[in-house]
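Below is one structure, written out as structure tokens; the observations come after it.
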Amino acid sequence: MEEKKFDVNSLIGFLLIGGILVWMLYLNKPTEEELQAEKAKTEAARQEKTSKQKESDVTFAQAANDSTKRQGDSLAYEEMKNKLGSFAYSTTLSSANDETTTLENEVLALKISNKGGYITEAHLKNFRRFDSVPVNLIKDGNASLNLQFSAENRMLNSQEMYFEPTLSKQGEDQILSMKLKTSENGFIEYRYVLHPGEYMLDFSINSQGLDGVLNTSQPVYLDWKLKGYRNAKSISYENRYSRLTYEYDDEKHSKLSPSGEDDELEVDVTWMNFRQHFFSSMLLTDTPFKEVALTSVDLVEDEEVDTIYTKQYGAKMLLEPKGGALAYNMNMYYGPSDYQIFKKYDRNLDEAMPLGWGIFGVINKYIIIPLFGFLIDLLPAGIAIIVLTILIKLLLSPVQYKQYLAQAKMKVLKPEMDEIKKKYEGNQLKIQQETMKLQNSAGASPLKGCLPALLQIPVFYALFTFFPSAFDLRQKSFLWADDLSSYDTIAELPFHIPFYGDHVSLFPILASIAIFVYMMMTTGQNMQQNQQPGMPNMKFLMYLSPLFMLVFFNNYASGLSLYYFVSNLITIGIMLVIKNFIIDEEKIHAKIQVKKAQPRKQNRFQKKMAEMMEQAEQQKKAGRR
Numbered sequence: 155m156e157e158k159k160f161d162v163n164s165l166i167g168f169l170l171i172g173g174i175l176v177w178m179l180y181l182n183k184p185t186e187e188e189l190q191a192e193k194a195k196t197e198a199a200r201q202e203k204t205s206k207q208k209e210s211d212v213t214f215a216q217a218a219n220d221s222t223k224r225q226g227d228s229l230a231y232e233e234m235k236n237k238l239g240s241f242a243y244s245t246t247l248s249s250a251n252d253e254t255t256t257l258e259n260e261v262l263a264l265k266i267s268n269k270g271g272y273i274t275e276a277h278l279k280n281f282r283r284f285d286s287v288p289v290n291l292i293k294d295g296n297a298s299l300n301l302q303f304s305a306e307n308r309m310l311n312s313q314e315m316y317f318e319p320t321l322s323k324q325g326e327d328q329i330l331s332m333k334l335k336t337s338e339n340g341f342i343e344y345r346y347v348l349h350p351g352e353y354m355l356d357f358s359i360n361s362q363g364l365d366g367v368l369n370t371s372q373p374v375y376l377d378w379k380l381k382g383y384r385n386a387k388s389i390s391y392e393n394r395y396s397r398l399t400y401e402y403d404d405e406k407h408s409k410l411s412p413s414g415e416d417d418e419l420e421v422d423v424t425w426m427n428f429r430q431h432f433f434s435s436m437l438l439t440d441t442p443f444k445e446v447a448l449t450s451v452d453l454v455e456d457e458e459v460d461t462i463y464t465k466q467y468g469a470k471m472l473l474e475p476k477g478g479a480l481a482y483n484m485n486m487y488y489g490p491s492d493y494q495i496f497k498k499y500d501r502n503l504d505e506a507m508p509l510g511w512g513i514f515g516v517i518n519k520y521i522i523i524p525l526f527g528f529l530i531d532l533l534p535a536g537i538a539i540i541v542l543t544i545l546i547k548l549l550l551s552p553v554q555y556k557q558y559l560a561q562a563k564m565k566v567l568k569p570e571m572d573e574i575k576k577k578y579e580g581n582q583l584k585i586q587q588e589t590m591k592l593q594n595s596a597g598a599s600p601l602k603g604c605l606p607a608l609l610q611i612p613v614f615y616a617l618f619t620f621f622p623s624a625f626d627l628r629q630k631s632f633l634w635a636d637d638l639s640s641y642d643t644i645a646e647l648p649f650h651i652p653f654y655g656d657h658v659s660l661f662p663i664l665a666s667i668a669i670f671v672y673m674m675m676t677t678g679q680n681m682q683q684n685q686q687p688g689m690p691n692m693k694f695l696m697y698l699s700p701l702f703m704l705v706f707f708n709n710y711a712s713g714l715s716l717y718y719f720v721s722n723l724i725t726i727g728i729m730l731v732i733k734n735f736i737i738d739e740e741k742i743h744a745k746i747q748v749k750k751a752q753p754r755k756q757n758r759f760q761k762k763m764a765e766m767m768e769q770a771e772q773q774k775k776a777g778r779r
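Under the numbering used here, the first residue of the sequence shown carries the number 155, and numbering increases by one thereafter.
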């Protein structure tokens, strides 16, 4: 057998092969950049694996949460279904939130909320309050509009539910449809239409597809509430002219009390105005409301306190569904209490303004307002008041002439009347009889002086009601008065005087002085000397009238005080002209003597008065016996 030996050549071959392999591995070693790239690749692969694991975990958790939410939503919907019935459908819509939709034109901006579907903000663009804050008739929850109705044996309130808004345009009109839904085809709709440049908007309530849902055998009420914001410098003055007015029963008009609490139940109401002095919030209907419960509460308890609100108004209207559905076409008005604006709608809205009743309102509507409107278009407000006053005084000057002529005749007869008093001293009845005979024969009488004064009263009172309601005077300045619709302040007092206030107004002071001078000229010492027993103390009245003006007009519109000041100045001037250049007392005396010489028949009234006096005299004599 052949012996095996160590083969050196084989060993060398293996070593050479091994060296070649090591050399090849060295040549193929990766660079530093390749090592970093490989490391990054490995890290990315690891992160991707981790992310997929997390996504898997999140998906699982989300699926679990969604399942829980669906179960919760289902329970919540069932609860709303029990509470709202078919109207629970509205809670499932994307509009089930407190967002608002805006309707806006050049003068008015409105915001309507999804919740309740009613106006939550009404902003008047062109007006500011006394403190320069924008005028908002509705803001920060001071108003609500609630439809109370029965559906599926439930009493529901629309202000607690969500409406779906749809905004569109038709020409220049903006249309907002707010639908309280039971399904896509079943709903109660509030529809608002805002026209360009108008404060009045169309508003309607309609229902559709609610057969078997809406219970029309139960009463349906539309409940409107509003708290009026303070907008003027003097809250007491503003509150005096803030009042709920309404039209009912075929164009009759009435109002609630401006003070305290008041309520009224009226039938067939066609409109109501929650007036805030110079601004109005109104609801009008084409179909009269069968019955309306109206309420007004005065919120100004202390005029010295800086109060936010003036009045709390309410109107709960009974609606009558027709054919099982609601269908009411109405209007809303949010704007100035301006006679010219009200008049153009031809809905008797001017009756919502305090222009006076009867003849006083007629004078304002057909004389004062058109004349002043013409003047203020041409002149500044203060100058327009002065010109208006001059025109009115010139118009009434013939009446004033008659009044002063009668006074002049009585003055001429005074010596003879004094003789009668001396002759029949102690016999008052005889003095009256002889005095009446003298006056009758001379064609003079105190009544002839009073009648012209009475004829001026309707104009006087008409202007008294006009100026506080004249929107054109609002925030118009003149001389030291920065607002002719409010008081003019020349000094602030550190305390409050009852009835007078905490400030001093100059126009009432000037008007009081002018009134006092006028009273001195027309009454004065002669009137007191001729005072008849039982007659009012004219001297006392001479001082009372200026004092009344001074105290009570301190918080009134300075435009009104300006009118009285100018009016009395003109009256004094006219009287001086009449006395010094027109009336000649000597000629009057001569005419009286001629009349006294002529036979003069007594009229029926004079005969009756003479008979009554004679009977009284006979009874007096009989009593002495």
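Don't be surprised by glycine CBs; every beta carbon is placed ideally from N, CA and C. The model shown is predicted, which means the values in this text are computed figures rather than measured ones.
Residue range of the unbroken alpha helix (DSSP H) whose run includes Thr676: 660-676
Thr449 versus Tyr375, Lys470, Ser623, residue with shortest Cα-Cα distance: Lys470
His650 classed as buried or exposed, judged by whether at least 16 other C-beta atoms fall within 10 angstroms: exposed
Beta strand (DSSP E) segment containing Gly785, residue limits: Within the shown structure, residues of the chain are numbered from 155 to 779, placing residue 785 beyond reach of any answer.
Per-residue DSSP class, three states only, for Ser434: strand
Unbroken alpha helix (DSSP H) run spanning Tyr718, endpoints: 712-731
Min CB distance Val671 to chain D below 8 Å: In the structure shown, chain D does not exist; there is a single protein chain.
Separation of Glu646 from Tyr672, as counted between CA atoms: 29 Å
Candidates Ile540, Pro373, Leu169, of which the one nearest Ile724 by Cα: Ile540
Leu169, DSSP secondary structure in three states: helix
Beta-carbon contacts of Met354 that lie in its chain and below 6 Å, excluding the five residues immediately before and after: Asn485, Tyr487
Neighbourhood of Leu264 by C-beta, 8 Å cutoff - its chain only, sequence neighbours within 5 removed: Thr256, Leu257, Glu258, Ile273, Glu275, Ala276, His277, Tyr346, Leu348, Leu355, Tyr488
Local conformation of Ala305 per DSSP, three classes: strand
Buried or exposed (CB count within 10 angstroms, at least 16 for buried), Phe653: exposed
Helix, strand or coil at Asn684 [DSSP, three-state]: Residue placement at Asn684 cannot be trusted, given a pLDDT of 49 that sits under 50; what the coordinates show is reported in the next sentence. It is coil, neither helix nor strand.
Under the three-state DSSP convention, the category Ile544 falls into: helix
Beta-carbon contacts of Ser639 that lie in its chain and below 6 Å, excluding the five residues immediately before and after: Leu627, Arg628, Ala711
For Tyr391, the first and last residue of its enclosing alpha helix (DSSP H): 389-394
Met729 to Phe719 span [Cα, whole Å]: 16 Å
For Tyr482 and Leu472, believed in contact at Cβ under 8 Å, the rounded distance: Contact doesn't hold; Cβ gap of about 11 Å is too wide.
Secondary structure of Ala506, DSSP reduced to three states: helix
Delimiting residues of the beta strand (DSSP E) encompassing Gly468: 463-473
Arg501 to Asp492 span [Cα, whole Å]: 14 Å
Cβ-Cβ separation, Gln610 to Leu550 (assumed contact under 8 Å), whole Å: 6 Å
Supposed contact pair Asp642 and Ser659 - C-beta distance, whole angstroms, cut 8 Å: 5 Å
Supposed close pair Ser337, Gly363 - CB separation, criterion 8 Å: 7 Å
Alpha-carbon to alpha-carbon, Ser267 and Gln313: 10 Å
Boundaries of the beta strand (DSSP E) in which Phe357 is found, first to last residue: 354-362
N- and C-terminal bounds of the beta strand (DSSP E) containing Phe281: 273-282
Candidates Leu291, Ser396, Leu262, Arg282, of which the one nearest Pro350 by Cα: Leu262
Close beta carbons around Ala635, own chain, < 6 Å, minus the five adjacent residues each side: Asp642, Ser712
Distance CB(Leu438)-CB(Thr424) smaller than 8 Å: yes
The segment 383-399 in contact with the segment 494-510 per 3-pair CB rule at 8 Å: yes
Per DSSP, the bridge partner or partners of Tyr375: Gln302, Leu472
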